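Heads up, the thing below is written out as structure tokens.
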Amino acid sequence: MSTKKDLEDERKKASFNVQEMTYLLDGGKQKSEEKQKFKDLVHKEKAFSKRDIIFLGRSDRYKRALERSQILAETVNKMKLSDEERTIMFEEVDEDLPLTTHYYLFVPTLENQCSEKQAKKWVPAARACKIIGCYAQTELGHGSNVRGLETTATYDPKTQEFVIHSPTTTSVKWWVGGLGKTSNVCVVFAQLILDGKNQGLYSFFVPLRSLEDHSKLPGIEFIGDIGPKFGFNAMDNGCVKFNQCRIPRTNMLARFAKVNKKGQLIQRSGVSSRVNYGTMVLMRANFVATAGVTLAKACTIATRYSAVRRQFNNSQNSHQEVQVIDYQTQQHRIFPLIAASYALYFVAGTMNEMYNDMMDELKNGKDVNVMNQKLALVHAISSGLKSLSTNMTSDGIEECRKCCGGHGYSQMSGLPYLYATFVHRNTAEGDNMILTQQVARYLFKSFKSQASTGQENKINKCNVSCEDDWVQNKEHYVSAYKHRVLRLVKENHNKPFDEILIDIAQLSRAHGMCVMVESFVKNCNHQGPIGVVLQKLCNLFALHHLEQDAAHYLEDGYMSGQQLQWIRNSVRKLLLELRPDAVALVDAFNFSDHYLNSALGKYDGDVYQALFDWIKEEPLNKSDVVDGYSQHLKPLIHSKL
1 MSTKKDLEDE RKKASFNVQE MTYLLDGGKQ KSEEKQKFKD LVHKEKAFSK RDIIFLGRSD
61 RYKRALERSQ ILAETVNKMK LSDEERTIMF EEVDEDLPLT THYYLFVPTL ENQCSEKQAK
121 KWVPAARACK IIGCYAQTEL GHGSNVRGLE TTATYDPKTQ EFVIHSPTTT SVKWWVGGLG
181 KTSNVCVVFA QLILDGKNQG LYSFFVPLRS LEDHSKLPGI EFIGDIGPKF GFNAMDNGCV
241 KFNQCRIPRT NMLARFAKVN KKGQLIQRSG VSSRVNYGTM VLMRANFVAT AGVTLAKACT
301 IATRYSAVRR QFNNSQNSHQ EVQVIDYQTQ QHRIFPLIAA SYALYFVAGT MNEMYNDMMD
361 ELKNGKDVNV MNQKLALVHA ISSGLKSLST NMTSDGIEEC RKCCGGHGYS QMSGLPYLYA
421 TFVHRNTAEG DNMILTQQVA RYLFKSFKSQ ASTGQENKIN KCNVSCEDDW VQNKEHYVSA
481 YKHRVLRLVK ENHNKPFDEI LIDIAQLSRA HGMCVMVESF VKNCNHQGPI GVVLQKLCNL
541 FALHHLEQDA AHYLEDGYMS GQQLQWIRNS VRKLLLELRP DAVALVDAFN FSDHYLNSAL
601 GKYDGDVYQA LFDWIKEEPL NKSDVVDGYS QHLKPLIHSK L
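In full-length UniProt numbering, the protein residues as written are 1 to 641.
See the structure below:
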């Protein structure tokens with residue numbers, strides 16, 4: 001039974017050019033070629049091999065991650081790589097490195113929130129890794145409730161210093177990536193206290209460890225790693241407790257606000273206090289992109305394995321077992337997830353554009369109202385999409401694992417590692433359930449504003465008149481998604497907030513789905529075979545989720561039972577139409593075997609040999625007689641009792 005031939009045959013069925021689809025996903029041929037160049041750099045470095053990672057303990061994982069971090073940082077500096085080029089290399093290494101938060105949270109925070117003078121002092125050093133930083137926001141007692149953070153920064157006018165302090169156990173900074181053993185400085189979110197009055201949250205540049213010997217500095221009562229986690233164990237998530245830690249007045253990040261020598265708070269006129277959340281918005285936008293890539297990885301593994309795995313005889317050919325991917329149930333589980341991966345790729349691009357536009361407005365804009373409106377919009381959308389996309393991907397990875405049967409449970413499938421590494425994002429940078437409230441508040445406020453100006457949208461009924469309408473005119477399902485959002489807003493905007501939290505979660509998801517569907521529709525409008533298959537994927541994504549949420553459209557009469565039946569029929573037809581393109585669609589993500597690190601997802605399809613070869617590297621298999629036999633098994637076997 002040649003599993004290699006199965007994938008070769010699958011690739012011959014493709015209706016479109018895979019390389020052209022890769023170019024589209026990457027943003028063009030030139031970007032694809034540049035990405036491949038930096039991927040090749042990673043593949044040539046032996047230290048980046050991931051093959052033995054599943055056999056390593058916590059300490060060895062961290063030491064390996066430090067080595068990789070050093071190699072990457074030195075490569076970035078030596079080759080003078082751009083942020084985009086560096087990101088390509090970090091993504092291909094595909095490890096939770098201690099420098100990740102330094103590059104993707106600490107440095108952007110300095111660039112976005114420092115004054116010009118501060119930026120000249122700290123940013124070049126940070127980019128060169130002369131200082132290594134982290135982003136200390138979350139505390140032991142507070143995560144999503146940022147306003148409830150307890151760490152204080154009290155100004156002492158006598159010495160012109162801020163005193164950073166952790167007044168309680170619950171105020172200890174916790175879960176901070178890179179803080180445990182790596183970082184020597186950090187940006188600390190703390191309550192600013194001036195003359196005994198709390199002025200709210202601001203950011204401060206706080207040294208943690210000596211640049212000479214890495215020992216903790218005065219005022220750092222305790223700093224260390226928070227211990228083993230469900231996953232992400234090469235990252236030294238850490239904690240720090242401050243005890244009257246003194247820093248210069250000029251260490252308050254001062255692009256938008258500063259404290260003068262007299263202890264007076266001076267803010268940039270009219271700028272919303274929410275500008276300090278810019279880094280959070282960036283992180284949430286990045287989570288959406290990561291969700292798309294991670295779900296695509298899971299789909300690639302599950303699709304390729306489903307194409308080579310055969311179970312039970314074909315009724316038409318008793319000598320040939322059926323490819324698992326030919327079972328309708330398998331298609332119904334995997335193909336909508338492939339469509340979701342593409343949807344996430346596209347909406348991540350939309351989210352990135354919105355973030356860059358927002359930051360440009362904050363840095364250069366002159367109309368304060370426009371600034372605050374954009375910040376509120378991007379904050380709401382990023383919150384909703386972060387919640388939706390990470391839930392979608394976490395659930396999708398687990399579904400892909402189950403689609404791979406028993407072998408999916410093996411670490412060598414790559415799926416357990418993928419799940420354990422990704423799933424923390426459901427609670428990181430804002431718990432997903434809490435974030436839904438941010439979306440609802442924004443939507444309720446916008447609705448009331450429109451209603452007061454007579455711009456309130458009216459609810460209509462679905463006007464689909466035949467089955468083909470659903471796939472031939474995308475406006476029908478776009479309107480359905482908009483209807484659900486509008487209906488939930490209208491029903492709940494005047495109710496007590498605490499009594500509608502379940503409805504709010506539904507509203508946030510509905511809004512996020514609407515944004516994703518509109519983004520997909522916008523991005524699938526291409527000519528030729530690629531356009532055709534993207535249209536099918538877009539239709540499958542939109543209609544599959546309409547079918548899953550059918551009750552919402554039936555209970556208020558927006559959609560009839562017949563219209564829902566047409567959706568079901570369309571979904572099943574789309575599964576059949578997409579079947580020949582399944583392997584090609586995941587090939588287009590252009591993931592290397594190194595990146596997937598999966599026996600089941602190998603490009604050549606030789607999955608069983610890969611599994612058999614890999615288990616030979618299991619430390620338990622290094623000797624025929626296991627260590628411990630003489631002490632524990634032999635006495636039992638040869639006991640005279």
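In this text, a Cβ means the ideal position worked out from N, Cα and C, and glycines have one as well.
Just so you know, these numbers come straight off a predicted model, no measurement behind them.
Which residues DSSP lists as bridging residue i, in chain order
i	result
Pro336	Bridge partners of Pro336: none, in fact.
Ala153	Ile164, Leu192
Met280	DSSP lists no partner for Met280.
Tyr202	Ala190
Tyr135	Val187
Ile266	Lys258
Val176	Gly238
Cys245	Ile164
Met358	Per DSSP, none; premise fails for Met358.
Where residue i falls, given that 16 or more other Cβ within 10 Å makes a residue buried
i	result
His379	buried
Glu33	exposed
Asn356	exposed
Leu576	exposed
Ile88	buried
Ser306	buried
Val93	buried
Asp581	buried
Cys538	buried
His165	buried
Asp360	exposed
Ile266	exposed
Coil, strand or helix - residue i by DSSP
i	result
Cys524	coil
Ser560	coil
Glu228	The amino acid occupying residue 228 in the given sequence is Pro; Glu does not appear at that position. Note: Pro228 maps to coil in three-state DSSP.
Glu221	strand
Glu618	coil
His476	helix
Ile637	helix
Ala257	strand
His319	strand
Pro98	coil
Gln548	helix
Lys130	coil
Pro416	helix
Arg484	helix
Arg309	coil
Lys461	coil
Lys80	coil
Any non-hydrogen atom of the ligand ATP closer than 7 Å to residue i Cβ
i	result
Glu353	Ligands are entirely absent from the displayed structure, and the ligand ATP is therefore not among its contents.
Alpha-carbon to alpha-carbon, residue j and residue i
i	j	result
Leu421	Gly414	The residue you asked about is not Leu; residue 421 is Thr in the sequence shown. Rounded to whole angstroms, Thr421 to Gly414 spans 11 Å at the Cα level.
residue 662	Asp9	Any question about residue 662 goes unanswered here, given that the chain covers just 1 to 641.
Leu362	Arg255	10 Å
Gly561	Ser449	35 Å
Thr627	Lys216	Residue identity check: residue 627 is Asp in the sequence provided, not Thr. Between Asp627 and Lys216, the C-alpha separation is close to 41 Å.
Ala47	Tyr608	26 Å
Ala125	Ile131	6 Å
Asn237	Phe16	44 Å
Asp606	Thr3	6 Å
Tyr481	Ala542	9 Å
Gln548	Val370	38 Å
Arg58	Leu611	24 Å
Tyr202	Ala257	8 Å
His142	Ala428	12 Å
Ser519	Lys35	24 Å
Ser268	Asn251	It should be noted that the sequence gives Arg, not Ser, for residue 268. Each residue's Cα considered, the two are about 17 Å apart.
Ala234	Asn352	28 Å
Ser389	Gly512	9 Å
Min CB distance residue i to chain C below 8 Å
i	result
Glu547	In summary, chain C is missing from the structure at hand, where a single protein chain is found.
Taking contact to mean 3 or more Cβ pairs, one atom from each stretch, closer than 8 Å, check whether the region 606-620 and the region 66-76 are in contact. no
Taking three-plus beta-carbon pairs below 8 Å as touching, is the region 479-488 in contact with the region 416-433? no
Any 3 or more C-beta pairs closer than 8 Å across the region 209-221 and the region 178-188: yes
Are at least three pairs of beta-carbons, each pair with one atom in the region 496-504 and one in the region 527-547, less than 8 Å apart? no
Would you be able to state if there are at least three C-beta pairs under 8 Å between the region 380-389 and the region 286-293? yes
Are three or more beta carbon pairs between the region 59-66 and the region 115-122 nearer than 8 Å? no
Inter-stretch contact (C-beta, 8 Å, three-pair minimum) for the region 401-408 and the region 346-355: no
Three or more C-beta pairs under 8 Å: does that hold for the region 20-34 against the region 519-530? yes
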